Structure formats: C-alpha cells, structure tokens
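Participant:
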C-alpha cells in the first residue's frame with residue numbers, strides 16, 4: 092500500500108483509492124459485527140454504511156499498514172453505542188431474522204467443519220443458533236462476533252472493545268458457555284461427559300498462538 | 262432466563278480463561294499438554310470444553326460466512342464518492358454566489374407570505390445558522406443516502422420519529438442524506454438535498470410554539486410563511502404537532518416547487 096503515514100493528507104482520489112484498498116476489504120467483518128449487534132439485515136446495513144463513512148471522514152488519522160480491520164470495527168462499535176445513547180435505550184434482547192435475512196448465509200449443512208462434531212453441526216438449525224445468540228447480553232454478542240464470527244485475535248478484540256485481553260477471554264468463556272447451554276437445553280446436541288479430547292480440539296479459526304507468533308515474525312498484519 | 266443449575270461451575274484447578282485458551286489454540290505446547298491432561302481427568306472441564314467447542318463451531322457455521330450484500334457495497338462506494346463530490350460542490354457554491362433561478366410552479370392552495378425584516382424566532386435563527394454551517398460544509402449529513410426509505414429508517418433509529426422523506430427529483434434536487442439537529446430542538450432532523458440551486462435543508466421538528474409572529478400562520482388556511490435573512494431564505498409550514506422549515510440560498514419564489522413537492526404527488530408516505 093501507498094505508504095501514507097499518520098497525518099498525511101492525501102488528494103481526494105488518492106484518499107478514496109487508499110481507503111478502498113485498505114479498509115473496504117473488511118466490509119464483511121463489519122457486517123457480521125453489525126448483524127450481531129443490531130439483529131436485522133437492514134439495520135446492520137445502515138450501521139455499516141454509517142461506520143464506513145465516518146471511517147472515511149477520519150481516514151487521514153489512520154496509519155497505513157496498521158490493523159485496518161480492528162480500526163473499522165472499533166468505529167462501527169462506537170457508532171452503534173452512540174446511536175443507542177441518542178435513543179436513550181439500553182441493550183435489549185434482539186430478534187434476529189426478517190424478510191431476506193436468510194439469503195446471505197449458506198446452510199450450516201454446506202459448511203465444511205473439521206472434527207467429529209460435523210454431523211451434529213449439520214443437523215443444527217441456523218435460525219435456532221441465531222435466535223439463541225440474540226438472547227445473550229450485548230457484551231457477549233460483541234465478543235462472539237469478533238472472535239468466533241470474524242476470527243479476531245484476543246488482542247485485536249480487546250482493542251476494538253477497549254478492555255484488557257483477559258476480559259476478552261473470560262467474557263468469551265462465559266458467552267460460549269451460555270450459548271452452548273442454550274443450545275443444549277434446546278436439544279441441539281447432547282454433551283457426552285466422557286473426556287472430549289479423543290479428537291483434536293480444533294477451533295474454527297487458526298490457533299491464536301500461531302497467529303500471534305506469525306505476526307511477531309512478519310510485522311503487524313491487518 | 263437461565264436457572265441456577267445452568268450457571269457455569271468453574272473448575273477450582275484452572276481459571277475460566279484457560280479453557281478458552283485451550284479451545285482457541287492460545288497455549289504453548291507445554292501448557293496445552295498440561296491442560297489436556299487435566300481435562301481428561303476432570304468431568305467439569307471436559308463437559309465445559311465440549312459445550313464451548315460446539316457453541317463456537319455452531320456459531321461460526323451459522324454466521325461465520327455472512328457476507329455484506331452487494332447493494333451495501335454499492336451504497337458504501339456511492340457514499341464515498343458523494344463525500345468527495347460534496348467537498349467540490351461546496352467550493353463551487355461558495356465561488357458562484359447567488360444560485361440560478363428556476364421555473365416557478367403553480368402552488369395551488371398554498372399562499373406564500375413573505376415577511377421582511379429579521380425573524381424574532383430563535384428556532385428560525387438556529388435553522389439558518391445550521392444551514393450555513395452544516396449544510397454548506399464538507400460533511401453536511403451524518404448519514405449519507407439517496408434512498409428515502411433508508412433515510413427514514415435512520416431517523417427512526419436515531420430519534421424514534423417517523424418521517425416521510427420527500428422526493429424532489431421532479432424539481433431537480435436529489436437527496437444527500439440526513440443529520441440530527443439537536444441544536445435546534447430535541448429530536449429534530451434535517452434532510453439535505455442538492456441541485457442546480459445549491460443545497461436545501463429541510464428541518465423537521467416538533468410543533469414549535471416559540472416561533473414568533475414572523476412565522477405565524479393565519480387560522481383556517483394552509484399557508485407557507487417565508488423570511489429571508491443574511492442570504493438564506495427560510496420557509497415554514499405547520500401540521501398538527503410538527504413544524505417544517507426549509508432553508509436555502511434560493512429566493513422564496515424559487516423554493517415553491519420544492520415546498521409543493523413536499524406535500525404533492527411526489528410525497529412518500
């Protein structure tokens with residue numbers, strides 16, 4: 092990328108091209124976070140659009156080559172919190188889904204997930220998973236969207252939320268526990284109390300530690 | 262609501278973050294070996310880990326591939342272009358001075374009452390100021406969109422107010438977007454349009470009893486009152502519980518097509 096440093100003011104066309112190259116590739120991640128926060132496709136689209144335009148307005152303060160994804164998601168979360176504050180509302184349970192909300196997501200059965208849980212996951216109802224996600228507090232939905240939906244490292248998620256990494260980890264633990272308990276209560280799967288490590292415990296994303304080590308060797312990555 | 266028996270029970274030997282770290286591959290090889298050994302021996306942790314892993318994978322499977330719709334990408338791209346264009350328009354408007362005249366349409370039942378002199382209403386002054394400082398700035402709106410439905414949705418989200426966003430396309434003005442106008446009154450919003458005559462601000466607020474004589478409406482007859490000050494024309498009309506203020510550099514007669522369009526066939530409910 093063009094090597095613009097912090098505080099460099101680009102010409103209008105350059106600025107837009109730089110923004111499109113560095114920030115817009117993370118639009119999907121922004122959409123997933125927005126969807127988890129607001130629970131409907133139209134509202135998520137509006138939130139993403141507003142966040143992107145605010146990010147574009149502030150792009151002169153972004154240092155090229157740094158973590159554009161975390162930067163964009165931080166702005167999006169702040170826009171959401173600001174919108175909520177203006178309405179003087181408190182986070183409430185959401186109701187995911189509406190006309191067209193199923194159109195953008197493949198069926199769970201189409202997802203190739205390694206591990207012995209594959210058959211269990213194939214049988215899961217996507218709508219049920221999202222419905223149960225909507226029951227969780229906003230803080231839990233946020234950390235699940237950042238780490239489990241978008242694959243952020245703990246440190247990245249902490250940067251977006253503005254909290255210590257340890258808080259991200261404990262919040263993630265509780266959020267997954269609650270979601271898992273709800274799925275179990277809804278009959279989505281049974282937990283075998285026998286030791287669960289006969290098969291490798293493979294997360295959906297590359298191991299956190301491997302990514303941290305890789306980024307340490309290669310420099311900061313987006 | 263989760264019952265008491267559904268509260269997690271953290272194993273006393275390991276912290277809750279340790280299982281998260283194990284699941285996400287955040288441990289060193291030695292740490293991982295120790296944790297796996299513990300999990301094999303601990304039914305609390307093995308059940309906890311299995312539940313968390315399935316929740317993690319289920320969530321990723323349900324929405325991890327959720328992609329931004331193509332129309333959203335197009336809207337974002339359009340908004341970026343508009344932000345750059347707005348900065349250019351501002352420079353052009355500032356250099357051009359007074360806007361060109363436009364054809365005056367029949368106004369039907371509307372009576373236009375022009376008031377000379379200065380407005381005594383603080384609301385009118387605030388709207389004029391907002392027009393000059395905000396509408397004519399590089400970022401006149403907080404939400405950029407040419408889609409009346411999206412703008413109405415944003416207004417509802419921000420203020421709880423239901424507004425009908427008019428279409429001025431027939432008069433040659435297109436919607437730029439919307440901003441809140443809390444400096445005018447709580448819950449007020451301003452729709453911003455642009456066209457050959459420059460930019461137009463349409464401010465919608467709760468019925469404003471403080472508007473002075475300069476904007477009083479004769480009882481029993483729909484009318485639009487205007488006032489011009491410091492190069493800005495403001496037109497005001499009332500509906501039960503709502504005040505509409507339109508501001509621009511246009512002359513009062515030039516604003517009539519827009520005012521008519523606000524409540525005419527182009528009105529979007």
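Residue numbers (our numbering), protein chains in the order written: chain A, 92 to 313; chain B, 262 to 530.
Positions of the beta carbon are idealized from the N, C-alpha and C atoms, including for glycine.
Bear in mind that the values here come from a model prediction, so they are computed numbers and not experimental data.
Quick check on residue 314(A) - is its C-beta less than 8 Å from some C-beta in chain B?
Facilitator: An answer regarding residue 314(A) cannot be provided, because it is not within the stretch 92 to 313 covered by chain A.
Participant: Determine the extent of the beta strand (DSSP E) in which residue 463(B) is found, giving its start and end residues.
Facilitator: Here the beta strand (DSSP E) through residue 463(B) covers 459-467.
Participant: I want to see whether chain B comes within less than 8 Å of residue 110(A), judged by CB atoms only; does it?
Facilitator: With 8 Å as the cut-off, residue 110(A) counts as an interface residue toward chain B.
Participant: Could you run through the stretch 394-413 of chain B and flag, in chain order, every residue whose CB is less than 8 Å away from some CB of chain A?
Facilitator: The stretch 394-413 of chain B vs chain A, Cβ under 8 Å: 400, 403, 404, 405, 406, 411.
Participant: Name the chain A residues whose beta carbon is nearer than 7 Å to that of residue 273(B)?
Facilitator: Chain A residues near residue 273(B): none, gap ~15 Å exceeds 7 Å.
Participant: To which residues of the same chain is residue 315(A) closer than 6 Å at the C-beta, ignoring the five residues directly before and after it?
Facilitator: Not covered by the structure: residue 315(A). The range shown for chain A is 92 to 313.
Participant: Going by DSSP, name the residue or residues bridged to residue 500(B).
Facilitator: Paired residue(s): 503(B).
Participant: Specify, as a first and last residue, the run of the beta strand (DSSP E) that residue 224(A) falls within.
Facilitator: It is not in any beta strand (DSSP E) - residue 224(A) instead sits in the alpha helix (DSSP H) that spans 217-225.
Participant: Taking a Cβ distance cut-off of 8 Å, strictly less, list which residues of the stretch 244-265 of chain A are near chain B, in chain order.
Facilitator: Answer in chain order: 245, 257, 260, 261, 263, 264, 265.
Participant: Could you tell me which of 303(B), 284(B), 280(B) sits nearest to residue 295(A), measuring between CA atoms?
Facilitator: That would be 284(B), whose Cα lies nearest to the Cα of residue 295(A).
Participant: Buried or exposed: which applies to residue 509(B), given that a residue is buried once 16 or more other Cβ atoms fall within 10 Å of its Cβ?
Facilitator: Buried is the call here.
Participant: Cβ of residue 137(A) less than 8 Å from any chain B Cβ?
Facilitator: Output row for residue 137(A): interface = yes.
Participant: Quick check on residue 104(A): does DSSP put it in helix, strand or coil?
Facilitator: Note: residue 104(A) maps to helix in three-state DSSP.
Participant: May I ask which residues mark the beginning and end of the beta strand (DSSP E) holding residue 490(B)?
Facilitator: Counting along the chain, the beta strand (DSSP E) containing residue 490(B) begins and ends at 485-490.
Participant: Tell me, which residues are paired with residue 440(B) by DSSP?
Facilitator: Residue 440(B) is bridged to 451(B).
Participant: Along chain B, in chain order, which residues have C-beta atoms closer than 7 Å to that of residue 220(A)?
Facilitator: Neighbours of residue 220(A) on chain B, chain order: 319, 320, 323.
Participant: Are the beta-carbon atoms of residue 118(A) and residue 329(B) separated by less than 8 Å?
Facilitator: A contact, by the Cβ cut-off of 8 Å.
Participant: For residue 126(A), which residues from the same chain have a beta carbon less than 6 Å from its beta carbon, with the 5 sequence-adjacent residues on both sides left out?
Facilitator: Cβ within range, chain order: 135.
Participant: Using the beta-carbon of each residue, which ones in chain B are nearer than 9 Å to residue 149(A)?
Facilitator: Chain B residues near residue 149(A): none, gap ~11 Å exceeds 9 Å.
Participant: Are residue 388(B) and residue 500(B) close, meaning C-beta to C-beta below 8 Å?
Facilitator: The answer is no: Cβ separation not under 8 Å.
Participant: Would you mind telling me which residues of chain B sit closer than 8 Å to residue 169(A), beta carbon to beta carbon, in chain order?
Facilitator: What residue 169(A) touches in chain B: nothing, since even the nearest Cβ is about 13 Å away.
Participant: Compile a chain-ordered list of the residues in the stretch 120-131 of chain A whose CB is closer than 8 Å to at least one CB of chain B.
Facilitator: Cβ contacts with chain B come from 121, 122, 123, 126, 127.
Participant: Does the Cβ of residue 250(A) have 16 or more other Cβ atoms within 10 Å, making it buried, or fewer, making it exposed?
Facilitator: That one is buried.
Participant: Per DSSP, which residues does residue 435(B) bridge with? Please list them.
Facilitator: Answer by DSSP bridge pairing, in chain order: 455(B).
Participant: Please work out which residues of its chain come closer than 7 Å, Cβ to Cβ, to residue 246(A), disregarding the five sequence neighbours upstream and downstream, and give them in chain order.
Facilitator: Only 256 meet the Cβ criterion.
Participant: Using alpha carbons as the reference points, say which of 259(A), 176(A), 141(A), 258(A) lies closest to residue 333(B).
Facilitator: When each option's Cα is compared against that of residue 333(B), the closest is 141(A).
Participant: Could you give the residue range of the alpha helix (DSSP H) that holds residue 117(A)?
Facilitator: Looking at the DSSP string, residue 117(A) is not in any alpha helix (DSSP H), and its letter there is neither H nor E.
Participant: Who are the near neighbours of residue 519(B) in its chain, counting only those whose CB is closer than 7 Å to its CB and skipping five residues on each side?
Facilitator: Excluding sequence neighbours, residue 519(B) sits near 429, 432, 434, 461, 507.
Participant: Buried or exposed for residue 300(B), going by 16 or more other Cβ atoms inside 10 Å?
Facilitator: By the neighbour-count rule (16 or more Cβ atoms within 10 Å), residue 300(B) is buried.
Participant: Determine whether the beta carbon atoms of residue 419(B) and residue 396(B) lie at a separation below 8 Å.
Facilitator: No.
Participant: Could you tell me the distance, in whole angstroms, from the CA atom of residue 274(B) to the CA atom of residue 297(A)?
Facilitator: So the alpha carbons of these two residues sit roughly 27 Å apart.
Participant: Under three-state DSSP, which class holds residue 509(B)?
Facilitator: Three-state DSSP puts residue 509(B) in a strand.
Participant: Under a Cβ-count criterion, where at least 16 other Cβ atoms within 10 Å of its own Cβ denotes burial, should residue 279(B) be classed as buried or exposed?
Facilitator: By the 10 Å Cβ count, residue 279(B) comes out buried.
Participant: State buried or exposed for residue 363(B), treating a residue as buried only when at least 16 other CB atoms are found within 10 Å of its CB.
Facilitator: Bear in mind that the predicted position of residue 363(B) carries a pLDDT of just 29, short of 50, making it unreliable; the figure below should be weighed with that in mind. So residue 363(B) ends up on the buried side.
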